[in-house]
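S.K.:
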Amino acid sequence: MNRPIKLLIHGASGRMGQALLRLCAEQGDCQIVAAVTRKSPAQRVVDGVPFFAANELSGAPAFDVAIDFSLPEGFDPVLGLCVARGAALVSGTTGLSEAQRAALDAAATRVPLVWASNFSLGVAVLTELVERAAAALPGWDCDVIEAHHTQKKDAPSGTALTLGEAAAANGAKVSYASLRAGDIVGEHTVQFTGLGERLELVHRAGNRDIFARGALHAALRIVGRPPAAYRLRDLLD
Ligand code: NAD
């Protein structure tokens, strides 16, 4: 596509939404045509970006792809809008119900979409490496060790579980360990231990921009693809 891709940012006032607005302004290949917040926006246009309240979603201008980092209660309307408009969806909203996951699967027959619990490109590659190591090292102990800031309530993290599932699907018996300390953004180690040797695959997140960058990366690559549920790794270069 030669023209800039038209983006709708859903959850625009949140931490991820703000990061997306900032990072998109630094790129030349995308244009935000609508930023959607839960409540009525204080200003209708900020830095040239039009803002809409969630209850005005149906009146949003034409867009190629929506990037959604909101909350489960905001998810159904943006999924419905993408299907109605034939637009792609990139969603990182966590805590979706089973019914919402089923609706996502159904929507994938109509539009291209990607949902991921972690939009870091490094974690997408780590998952592939874990699958490969687990398959190549049968019988080795496999431990997923994760560390996060003290505010994080769930343990193990969703990413740790995804990594563990990738190892288990390739024959590993997985154990988990979690550490909550200070302001750690997120660290994941997948350790394979054999007799006299140990393989450690480590990812460290330095800041939350990595998730916004990964979501933008996915948005720019999913537009124009046939309807399907893509994984982030399907959209790597
Ligand atoms: P946040 O609380 O800072 O922001 C939430 C945003 O959602 C706000 O802009 C809010 O106005 C909006 N919102 C809430 N209800 C809405 C509704 N009914 N309709 C429209 N918008 C609504 O949260 P955050 O840190 O920006 O995270 C947002 C989501 O992204 C969470 O689900 C979080 O777990 C997830 N997340 C995912 C990844 C990933 O890589 N997949 C990374 C970080 C955060």
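So the sequence shown is numbered by the UniProt record's numbering: it starts at 1 and just counts up by one. Note that CB positions come from ideal geometry on N, CA and C, so glycine has one too. Predicted model, so just to flag it, every value in this text is computed and none were measured.
Taking the straight line between their C-alpha atoms, what separation do you get for Gln151 and Val49?
M.R.: Here the question's residue 151 lines up with position 151 in the sequence shown. Here the question's residue 49 lines up with position 49 in the sequence shown. In a straight line, the C-alpha of Gln151 is about 32 Å away from that of Val49.
S.K.: Are Ala66 and Ala87 close, meaning C-beta to C-beta below 8 Å?
M.R.: Working through the sequence shown from its first residue, we reach residue 66 at position 66. Working through the sequence shown from its first residue, we reach residue 87 at position 87. Contact: yes.
S.K.: Could you please give me the residues that DSSP links to Ala147 through a beta bridge?
M.R.: The count along the sequence shown starts at 1 and reaches residue 147 at position 147. Paired residues: Leu179, Glu187.
S.K.: What number of angstroms, rounded off, separates the C-alpha of Ala212 from the C-alpha of Ala218?
M.R.: Residue 212 sits at position 212 when you count from the first residue of the sequence shown. Residue 218 sits at position 218 when you count from the first residue of the sequence shown. Each residue's Cα considered, the two are about 10 Å apart.
S.K.: May I ask you to check if the CB of Asn118 is nearer than 7 Å to at least one heavy atom of the ligand NAD?
M.R.: For the purposes of this step, residue 118 is identified with residue 118 of the sequence shown, where counting begins at 1. For the ligand NAD, at least one heavy atom lies less than 7 Å from the Cβ of Asn118.
S.K.: Is Thr162 near the ligand NAD, with its Cβ less than 7 Å from a heavy atom?
M.R.: Position 162 of the sequence shown holds residue 162. Every heavy atom of the ligand NAD is 7 Å or more from the Cβ of Thr162, so no.
S.K.: By Cβ distance, which residues of its chain are closer than 8 Å to Arg158, with the 5 residues on each side in sequence left out?
M.R.: Stepping through the sequence shown from its first residue, residue 158 is reached at position 158. Sequence check: residue 158 is Gly here, not Arg. Same-chain partners within the cutoff: Thr94, Ser117, Asn118.
S.K.: Can the beta-carbon of Val185 be found closer than 8 Å to that of Ala167?
M.R.: Position 185 of the sequence shown, counting from 1, holds the residue named residue 185. Position 167 of the sequence shown, counting from 1, holds the residue named residue 167. Cβ distance not < 8 Å, so Val185 and Ala167 don't count as in contact.
S.K.: Cβ-heavy atom distance between Gly122 and the ligand NAD below 7 Å?
M.R.: Locating residue 122 in the sequence shown gives position 122, counting from the first residue. Checking every heavy atom of the ligand NAD against the Cβ of Gly122, none is found closer than 7 Å.
S.K.: Let me know the secondary structure DSSP gives Leu208 once reduced to three states.
M.R.: As a first step, residue 208 is located in the sequence shown; it is residue number 208 there, counting from the start. Note on identity: in this sequence residue 208 is Arg, with Leu being the wrong assignment. If DSSP states are grouped into helix, strand and coil, Arg208 belongs with coil.
S.K.: Is Arg198 helix, strand or coil by DSSP?
M.R.: Looking up residue 198 in the sequence shown gives position 198. Three-state DSSP puts Arg198 in a strand.
S.K.: Use the C-beta contact count for His188: other C-beta atoms within 10 angstroms, 16 or more gives buried, fewer gives exposed.
M.R.: Locating residue 188 in the sequence shown gives position 188, where the first residue counts as 1. His188 comes out buried.
S.K.: Just to confirm my understanding: we take Leu89, look at its own chain, exclude 5 residues before and 5 after, and list those with CB closer than 6 Å. What are they?
M.R.: Walking along the sequence shown from the start, residue 89 turns up at place 89. Only Ala66, Cys82, Leu113 meet the Cβ criterion.
S.K.: Are the Cβ atoms of Leu179 and Val130 separated by less than 8 Å?
M.R.: What you label residue 179 is simply residue 179 of the sequence shown in a count that begins at 1. What you label residue 130 is simply residue 130 of the sequence shown in a count that begins at 1. Contact flag unset, no.
S.K.: Using the Cα positions of Val202 and Ala106, report the straight-line distance between them to the nearest angstrom.
M.R.: Working through the sequence shown from its first residue, we reach residue 202 at position 202. Working through the sequence shown from its first residue, we reach residue 106 at position 106. Val202 and Ala106: Cα-Cα distance of roughly 35 Å.
S.K.: I'd like to check one pair, Leu23 with Asp209: are the Cβ atoms closer than 8 Å?
M.R.: Reading the sequence shown from its first residue, position 209 is the one you call residue 209. Reading the sequence shown from its first residue, position 23 is the one you call residue 23. Contact: yes.
S.K.: Measure from the alpha carbon of Asn207 to the alpha carbon of each residue in Ala19, Glu200, Leu220, then state which is nearest.
M.R.: Along the sequence shown, read from residue 1 onward, the residue named residue 207 stands at position 207. Answer by Cα proximity: Ala19.
S.K.: Rounded to the nearest angstrom, what separates Ala108 and Asp237 at their Cα positions?
M.R.: Against the sequence shown, residue 108 aligns to sequence position 108. Against the sequence shown, residue 237 aligns to sequence position 237. For Ala108 and Asp237, the distance between alpha carbons rounds to 22 Å.
S.K.: Is the separation between the beta-carbon of Gly17 and that of Phe63 shorter than 8 Å?
M.R.: In the sequence shown, counting from the first residue as 1, residue 17 sits at position 17. In the sequence shown, counting from the first residue as 1, residue 63 sits at position 63. No. Outside cutoff.
S.K.: Using the three-state DSSP reduction, which class does Phe69 fall into: helix, strand or coil?
M.R.: What you label residue 69 is simply residue 69 of the sequence shown in a count that begins at 1. The answer is coil: DSSP assigns Phe69 none of H, G, I, E or B.
S.K.: Within the present structure, is the beta-carbon of Arg15 separated from the nearest heavy atom of the ligand NAD by less than 7 Å?
M.R.: On the sequence shown, position 15 is the one that residue 15 refers to. Arg15 Cβ: within cutoff of the ligand NAD.
S.K.: How about Cys142: is its C-beta nearer than 8 Å to some C-beta of chain D?
M.R.: Absent from the structure is chain D; it holds one protein chain and no more.
S.K.: Any idea which residues DSSP pairs Trp140 with across the strands?
M.R.: As a first step, residue 140 is located in the sequence shown; it is residue number 140 there, counting from the start. According to DSSP, Trp140 bridges with nothing at all.
S.K.: Any idea if Gly74 is buried or exposed, counting beta-carbon neighbours within 10 angstroms, 16 or more meaning buried?
M.R.: Locating residue 74 in the sequence shown gives position 74, where the first residue counts as 1. Classification for Gly74: buried.
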